[in-house]
Amino acid sequence: MTVKHEILTVGHPLLRERARDVDPDELASKEIQTLIDDLVDTMRAANGAGLAATQVGEMVRIAVIEVDHNPRYPYKPKIPLTVVVNPVIEPLDDELVEINEGCLSVPNLRGNVMRHVNVRVRHLDREGTAHDEVRRGLTAGTFQHECDHLDGRLFLDRVQDTTTLATWEQFERFHRKAFVERITAFVERVGS
Ligand code: NI
C-alpha cells in the first residue's frame with residue numbers, strides 16, 4: 005500500500021529550499037523508490053501535471069511528470085509518465101512563450117509566466133539511466149515548472165504582470181477562452 009503525501013502549500017518554508025542531488029546508489033534504495041511511487045500516486049490523485057519531491061517536503065532532486073487528458077489543463081499535450089532525477093535544464097535559444105500556469109502548492113491561483121520554448125533536459129530516470137532530450141513548447145514549460153520547485157522557486161516568483169493572477173474560477177470566467185485559443189495555436193505550431 006502506498007501512502008499519499010500531503011502537498012505543502014505556499015508559505016511552507018521547505019517549498020523555498022533547494023533540494024539536494026540524489027546519489028546513484030541511493031536512487032536504488034527502497035526509501036527513494038517508495039518516494040517515487042508515492043509522488044506518482046499523489047500527483048495522479050490531485051490531477052497534477054507534475055509533482056516535485058520538495059512539494060511533499062522531501063528535499064531531493066526528484067520530480068514526476070505526466071499529462072494524459074488532464075482535467076486541470078485539458079489543452080496540454082500528452083506526456084507519458086516521466087521520472088526525472090537530478091535534472092539539468094538548459095535553454096537552447098532565446099524564444100519565450102507566455103504560459104498561464106497553476107500549481108498544486110498554490111491552491112486556486114493561476115498566473116502568466118514566461119518560459120523557454122526549446123530546452124535541453126538532462127536527467128536520470130528511476131533506474132539510474134541517463135537521458136538527454138530536447139523538450140519543446142508547453143511540455144518544456146512543464147519541465148521548467150517542476151525543476152523550479154527543486155530550486156525552491158514557485159511560478160508566482162516568475163509572474164511579471166500581477167494583473168494576470170486569477171483564481172481558477174475567475175480564470176474560467178474571464179481569461180480561459182483567450183488563453184486556450186492562443187496556446188492551442190502555439191501548440192499546433194510548435195508540436196508540443
Ligand atoms: Ni508546481
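Residue numbers (our numbering): 5 to 196.
Ideal Cβ placement from N, Cα and C applies to all residues, glycine included.
Between residue 22 and residue 87, the C-beta gap is not smaller than 8 Å, which leaves the two residues out of contact.
Remark: the shortest separation between the CB of residue 196 and any heavy atom of ligand 1 does not fall under 7 Å. By the C-beta density criterion, residue 132 is exposed, having fewer than 16 other C-beta atoms within 10 angstroms. Under DSSP, residue 124 takes part in a beta bridge, and its partners are 94 and 138.
In the DSSP assignment, residue 103 falls outside any alpha helix (DSSP H) and lies within the beta strand (DSSP E) extending over 100–107. With a threshold of 16 other beta carbon atoms within 10 Å, residue 91 meets it and is buried. Taken in chain order, no unbroken stretch of alpha helix (DSSP H) lies wholly in the region 48–91 with a span of 4 residues or more.
Fewer than three pairs of CB atoms, one per stretch, sit closer than 8 Å, so the region 111–127 makes no contact with the region 69–78. Your pair residue 159 and residue 102 does not check out as a contact, with CB atoms roughly 12 Å apart and the cut at 8 Å. For residue 151, the shortest separation between its Cβ and any heavy atom of ligand 1 does not lie below 7 Å. Taking 7 Å as the cut-off, one finds no heavy atom of ligand 1 near enough to the beta carbon of residue 18.
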